[in-house]
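Notes follow once the structure below has been shown.
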Amino acid sequence: MPGWLSLPRQRELVQACRRWAAGPVPMRRVRMPGGRFMSVRTVCLGWHWQPYRYSRTADDAGGRPMTPVVSLSLGDSCLFRFGTPLSRGRPYTDLELASGDLFVFGGPSRLAYHGVPKVYPGTADPALGMGGGRLNITLRVSGLS
């Protein structure tokens with residue numbers, strides 16, 4: 009959903025992210041009921057720096073695959089790659105996500121490999137107050153109690 013969040017609301021979230029990152033509880037990986045750790049970091053914040061490139065990930069099958077994943081982009085635009093649940097390779101769809109865009113996927117697509125292979129520096133509105141980079145706020149039901 010392009011342009012889902014207005015610039016003033018984006019600024020509020022950037023300020024909130026700064027407070028969350030400075031909080032008393034460190035970011036961590038969640039331990040699954042069987043004792044292993046989730047393959048993806050479950051954090052409130054995911055920061056994409058340049059030139060670092062993230063590999064594509066997929067939600068663990070132990071989650072709740074029918075519930076949606078809701079992803080909100082803040083800051084610099086990025087190339088978002090959305091694949092299939094079967095492999096990290098083709099076929100996949102590339103799309104550009106800009107600050108304020110919302111991306112939602114669920115059902116069988118929740119297990120699709122997805123990631124950000126590129127961030128486009130200097131594309132964020134300077135009024136956002138980030139000074140560069142990209143924040144992603146992702147909401148998902150983990151299946152953990």
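Numbering-wise (our numbering), the sequence shown opens with residue 9 and increments by one.
A virtual CB, placed ideally from N, CA and C, is assigned to each residue, including glycine.
Taking just the CA atoms, how far does R89 sit from Y100?
Taking the first residue of the sequence shown as 1, we reach residue 100 at position 92. Taking the first residue of the sequence shown as 1, we reach residue 89 at position 81. The alpha-carbon atoms of Y100 and R89 are separated by roughly 7 Å.
Extract the residue ranges of the beta strand (DSSP E) inside the segment 115-148, only unbroken runs of 3 or more that lie entirely within it.
The qualifying runs are 122-128, 142-147.
Are G114 and T75 touching if we call contact CB-CB under 8 Å?
Numbered from 1 along the sequence shown, position 106 holds the residue referred to as residue 114. Numbered from 1 along the sequence shown, position 67 holds the residue referred to as residue 75. Contact flag set, yes.
Please report the distance separating the alpha-carbon of S117 from that of G91.
Within the sequence shown, numbered from 1, the residue matching residue 117 stands at position 109. Within the sequence shown, numbered from 1, the residue matching residue 91 stands at position 83. If I take the Cα positions, the gap works out to 9 Å.
Candidates S107, P93, L103: which alpha carbon is nearest L82's?
The residue you call residue 82 lines up with position 74 of the sequence shown. Of the listed residues, the one whose Cα sits closest to L82 is S107.
Using the rule of at least 16 other Cβ atoms within 10 Å of the residue's Cβ for burial, across every protein chain shown, is R142 buried or exposed?
Your numbering for residue 142 matches position 134 in the sequence shown. Buried, since its Cβ has 16 or more Cβ neighbours within 10 Å.
From the DSSP output, read off the bridge partner residues of T101.
The residue labelled residue 101 in the question sits at position 93 within the sequence shown. F90, per the DSSP bridge assignment.
In angstroms, rounded to a whole number, what distance separates the CA positions of R27 and E20?
Within the sequence shown, numbered from 1, the residue matching residue 27 stands at position 19. Within the sequence shown, numbered from 1, the residue matching residue 20 stands at position 12. Cα to Cα, the separation comes out at about 11 Å.
What does a CB cutoff of less than 8 Å around A120 pick up in its chain, not counting 5 residues either side in sequence?
Position 112 of the sequence shown, counting from 1, holds the residue named residue 120. Counting only Cβ-Cβ distances below 8 Å, and skipping sequence neighbours, we find A66, F90, G91, T92, P93, F113.
Use the C-beta contact count for Q23: other C-beta atoms within 10 angstroms, 16 or more gives buried, fewer gives exposed.
On the sequence shown, residue 23 is found 15 positions in, with the first residue counted as 1. Result: exposed.
Just grab the DSSP bridge partners of L110 for me.
Taking the sequence shown and counting its residues from 1, the one referred to as residue 110 is at position 102. Paired residues: L80.
When you compare each of A29, P10, L105 to P125 by their alpha carbons, which one comes out closest?
Position 117 of the sequence shown holds residue 125. Comparing Cα-Cα distances from P125 to each of A29, P10, L105, the minimum goes to L105.
Taking only the alpha-carbon atoms, compute the straight-line gap between L80 and T146 and give it to the nearest angstrom.
For this step, residue 80 is matched to residue 72 along the sequence shown. For this step, residue 146 is matched to residue 138 along the sequence shown. The straight-line gap from Cα to Cα measures roughly 6 Å.
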